[in-house]
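Following: one structure in structure tokens, then a few remarks.
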Amino acid sequence: MKITNIQKVTELSKGLKALVFISFLALAPSYFSQGEGLFKAKCATCHAVFNNGTGPKLYEARQRWDDAGEGDLIYEWVRNNGALRASGKSQRANEIFQEYKGSVMSIFADLTDDQITSIFDWVDAQDPNAQAAGGGAQAANVGGTEMEEEKGIPWMWVILGVMFSIIIMAVGGVRRQLKIATKESEEGQEGLTYVEEFKTWAWKYRLYVGLVSLVVVLSLLVGFFQTLYGVNLMEGYQPSQPIAFPHDVHAGVNGIDCKYCHNSVTKSKSAGLPTVNVCMNCHKKINGEGKEYQGEINKIYAAAGWDPTKGPSGEYTNETSPIVWNKVHNLPDHVYFNHSQHVVVGGLDCKQCHGDMAKLKETAKVQPREALNKIQENIDSKIEFDRATMTMGWCIQCHEQSGVSIADGKNDYYTEIHDRLKKNDYDLLNAYNEDGRVSVKELGGWECSKCHY
Ligand code: HEC
Ligand code: HEC
Ligand code: HEC
Ligand code: HEC
Ligand code: HEC
Ligand code: HEC
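Structure, rendered in structure tokens:
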């Protein structure tokens, strides 16, 4: 009897430790101001506070728009810079776009005025002198972001630690006083440390402690994941490309297989983009003469160093320069995503994640969830996204909704899992199959380490 109690108490204390850890994880982001959080999650990949990078420095950007008499338009710029440029009502928008030719800023349609204000408030509150003292252009570039984060975290640990110890000691102290006062202290309990007393106390009121912890943990977790789900929205992102390459003409009208150009998609992690030689396989002949797109084909020739006027049918004489396509889909470095796993093992169609490329008249873009929800393959597989494409929520949601057939013997990986479960854990297999399918989640597709390095 005693032993089991002790075991339970140990378990409970493990639970409490986990609670402290999880609440730290969950509380951490809210300690940074909203503006800083948004800046780091959404803007820092392209913008630094004090230095120009992929995008211009954001320090006093508001001031610059004010000076141009367009202070209000900066909000529209952040939400949809393309639309603002197209509207023709902002000169600043076109100027800055010209200055950064070739780079396009993402769209942040769901940011409110308050959120945008909070970003610029935080940016403008940074100290330019501290940056200079930090030295070096490189240091300044990351200065606004990582360095401060590192400074912040140990402090939070200290504060949280002190808070928890105070609470624990206070609770223990009060109990101890009460017990001494009422002399109801049980034998063997005297001389216990605060921690032990707390454990005993927590055990005595385990139902309440359990319920309260459960509610706290759940609400913290929900909040934590909701912030994660929202980071770094890419939906609709369509950077400008060096050549106006239409997918519909190639993959649609001319029926060229996706793998002809993205030839590593079934073999490796990344799908790969075609080199200029692949284009030349066809475009040596298809030279667009007299067509309105001839200029685009000439760009291929320029990249390949091909001179169509030399020799009977052209020659490689000029200097070559690779075509630099801008990346459209781009996961952060800490995420692991593997194409062959999804396309070959998972048996998914490109459409389910990229939309119907064979109908796309323009260059590639990140398809919004509404478009993916209209794809027949997704409807058939009962996959419906309400999380933004390319976010963590999007991956997770599909892993919960997609079933994989593990028993049809078509796939060694699943056959192995199936055999192992049949042999060792039939109950688990049946539990998996209860809803008529085994989901990716059930096979571990929700484990952090599967997707995160
Ligand atoms: C994918 C890269 C990228 C991301 C992410 C990004 N921007 Fe930009 N931003 C740019 C580029 C590039 C420009 C320069 C104009 C252009 O080429 O479109 C720019 C220009 C700007 C300008 C105009 C600056 C000036 O001096 O007039 C503002 C303001 C701005 N961005 C704010 C933001 C904010 C706020 C965020 C985060 C919510 C953000 N940007 C996220 C790339 C990005
Ligand atoms: C499960 C969803 C999913 C499926 C199915 C899928 N992709 Fe992707 N694709 C992605 C993601 C996510 C990225 C971004 C990868 C990154 O940034 O590391 C991507 C990136 C790409 C890229 C950019 C280059 C690269 O490798 O990063 C190409 C090209 C591409 N996919 C083509 C295809 C083709 C062709 C198919 C079908 C044979 C396909 N994809 C199927 C999700 C998918
Ligand atoms: C397997 C053959 C093939 C390959 C490979 C190929 N193309 Fe094409 N491309 C075509 C055909 C066919 C057309 C349509 C010609 C027409 O209808 O006049 C075309 C048309 C085009 C056009 C004009 C489309 C328009 O209507 O505006 C561009 C631009 C283009 N290709 C770029 C490229 C680039 C860049 C590559 C390499 C990444 C490439 N192509 C690879 C066959 C190919
Ligand atoms: C003739 C060659 C060719 C064929 C065929 C082709 N693509 Fe592409 N694809 C390209 C080129 C070139 C780019 C880069 C330009 C762009 O982003 O549009 C690209 C870009 C992409 C991207 C975005 C890459 C990124 O940076 O995230 C995806 C996704 C993609 N293709 C999917 C497909 C799918 C799915 C098919 C088959 C239905 C297909 N492609 C067929 C040449 C091709
Ligand atoms: C359209 C649905 C879909 C989307 C979206 C999707 N996945 Fe998957 N994923 C699958 C399927 C189906 C499998 C099963 C294939 C397998 O078990 O290898 C899988 C398997 C995986 C696995 C292997 C899991 C394991 O247990 O071994 C990883 C890792 C993974 N996906 C990462 C990602 C990431 C990262 C994203 C988001 C960028 C993503 N997936 C988006 C459907 C999807
Ligand atoms: C199926 C794949 C998948 C699984 C499982 C997964 N993640 Fe993620 N996670 C992602 C992707 C993709 C992103 C990037 C989202 C973006 O850029 O919008 C991400 C982003 C994050 C970020 C935000 C970092 C940033 O870019 O700001 C954190 C933190 C994180 N994940 C933690 C976790 C934890 C903790 C777990 C386990 C409970 C987990 N993830 C499980 C795919 C996954």
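The numbering used here applies: residue 112 is where the sequence shown begins, and numbers increase by one. Don't be surprised by glycine CBs; every beta carbon is placed ideally from N, CA and C.
query	result
Could you name the residues of the same chain whose beta carbon sits closer than 7 Å to that of S424, not counting the 5 residues immediately before and after it, in chain order?	none
So what does Y427 bridge to, in DSSP terms?	W417
Less than 8 Å between C-beta atoms, sequence neighbours within five positions excluded: which residues of the same chain meet that for W505?	R480, F496, R498 and A499
Cutting at 8 Å between CB atoms, please list the residues of its own chain near G435, excluding the five before and the five after it.	First, the residue type needs correcting, since residue 435 is Val and not Gly in the sequence shown. The answer, listed in chain order, is P353.
Where are the alpha helix (DSSP H) runs, 4 residues long or more, that stay fully inside the stretch 332-381, in chain order?	369-372
Determine, using beta carbons only, whether I411 and M391 come nearer to each other than 8 Å.	yes
Indicate whether Y404 and W417 have their beta-carbon atoms separated by less than 8 Å.	no
Beta carbon of S550: closer than 7 Å to some heavy atom of ligand 2?	no
How is the alpha helix (DSSP H) around H510 delimited, first residue to last?	M503 to Q512
Please tell me whether, using a cut-off of 7 Å, the distance from the CB of K561 to the nearest non-hydrogen atom of ligand 5 is below it.	yes
Give me the residue from L318, G466, I227 and E400 with the minimum Cα distance to H358.	G466
Check S201 in the structure and name its three-state DSSP category.	coil
Whether or not the stretch 429-444 and the stretch 308-323 are in contact is what I'm after, with contact meaning three or more pairs of Cβ atoms, one per stretch, closer than 8 Å; do they touch?	no
Short check: CB of G199 to CB of I218, under 8 Å?	no
According to DSSP, simplified to helix, strand and coil, what is H450?	helix
Quick one: grab the DSSP three-state call for V515.	strand
What does V455 pair with, by DSSP beta-bridge criteria?	BP columns for V455 are empty, so no partner.
I need the DSSP call for V439, collapsed to helix, strand or coil.	coil
Run the CB neighbour count on G458, radius 10 Å, all protein chains shown included, and call it buried at 16 or more, exposed below.	exposed
Output the residues surrounding ligand 4, defined as those with a CB atom closer than 6 Å to any ligand heavy atom, in chain order.	Q352, F356, H358, H361, A362, I367, C369, Y371, C372, H373, L384, P385, W436, K438, V439, H440, C461, H465, M468, A469, T474 and A475
Is it right to say E553 is buried, meaning 16 or more other beta carbons lie within 10 angstroms of its own, or is it exposed?	buried
Taking the CB atoms as reference points, tell me whether I517 and V549 lie closer together than 8 Å.	yes
Evaluate L329 with the Cβ neighbour count: other Cβ atoms within 10 Å of its Cβ, from every protein chain shown; 16 or more gives buried, anything less gives exposed.	exposed
Could you check if K476 is buried or exposed, using at least 16 other CB atoms within 10 Å of its CB as the buried criterion?	buried
With a cut-off of 8 Å on the beta carbons, I'd call S513 and I494 a contact; round off their distance for me.	6 Å
Tell me where the alpha helix (DSSP H) around E187 begins and ends.	L184 to R190
Quick check: does the Cβ of V104 come within less than 7 Å of any heavy atom belonging to ligand 5?	With the chain running from 112 to 564 in the structure shown, residue 104 is simply not present.
So if DSSP puts S550 in a beta bridge, which residue, or which two residues, is it bridged to?	G514
Within the continuous alpha helix (DSSP H) that includes S229, where are the two ends?	D224 to D235
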